[in-house]
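Comments concern the structure below.
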Amino acid sequence: MSPPIEALGAVGAVGGAGAAQALGAASPVAGVAGTSAAGSVSPAGSGGFAATLATSLDQVQALQSESARLAVAAATGDLTDVHDYTIAATQAKVATEVTVAVRNKALDAFSEIMRMQV
């Protein structure tokens, strides 16, 4: 059974908590900026920023893998509900877009810091 459309949620939460819950995982980028899926500030994790980032990237990869698996199932005729693929593809797309946006902001911040040092 696919999650309802409302589960796609806001872009800031990478598909919302419902998007990741469809795969049985936590929100992909929930802890990256120090926020939870609900947008509240969370305390520093025990694994640190690098571990949180690695976990988030793994979860984005899981969304993309699930989308690819469902695409193959749809192409071979094994998928009973095409909506499952459509939702998984949208979740993977949004997660990827947010990951790229976070990367771009980090690069911009790094470049700005380097300019300040000159």
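To convert, count from 1 in the sequence shown and add 389; that's the working numbering. For each residue, glycine too, the CB sits at the ideal point set by N, CA and C. Just so it is clear, the structure is predicted and the values come from calculations on it, not from any experiment.
Legend entry - the region 443-462 in contact with the region 472-481 per 3-pair CB rule at 8 Å: yes
Legend entry - N-terminal and C-terminal residue of the alpha helix (DSSP H) that Leu468 is part of: Here residue 468 is taken as the residue at index 79 of the sequence shown, counted from 1. Segment: none, Leu468 is in no alpha helix (DSSP H) and carries neither H nor E.
Legend entry - Cut-off 7 Å between Cβ atoms - residues of its own chain near Lys333, not counting five sequence neighbours on either side: Any property of residue 333 remains undetermined from this structure, which presents the chain solely from 390 to 507.
Legend entry - Simplified DSSP state of Gly436, which is helix, strand or coil: Along the sequence shown, read from residue 1 onward, the residue named residue 436 stands at position 47. Here Gly436 sits in coil by DSSP.
Inset, instruction - For Thr465, collect the residues of the same chain with a Cβ closer than 8 Å to its Cβ; drop the 5 residues on either side in sequence, then sort them by chain order. - result: As a working mapping, residue 465 is identified with position 76 in the sequence shown. Result list for Thr465: empty, nothing under 8 Å.
Inset, instruction - Using a threshold of 8 Å, state whether the C-beta atoms of Ala484 and Val507 are closer than that. - result: Here residue 484 refers to the residue found at position 95 of the sequence shown. Here residue 507 refers to the residue found at position 118 of the sequence shown. For Ala484 and Val507, no; Cβs fall outside 8 Å.
Inset, instruction - Out of Lys482, Val489, Thr488 and Leu442, point me to the one whose CA is closest to Ser456's CA. - result: The sequence position of residue 456 within the sequence shown is 67, counting from 1. Answer by Cα proximity: Lys482.
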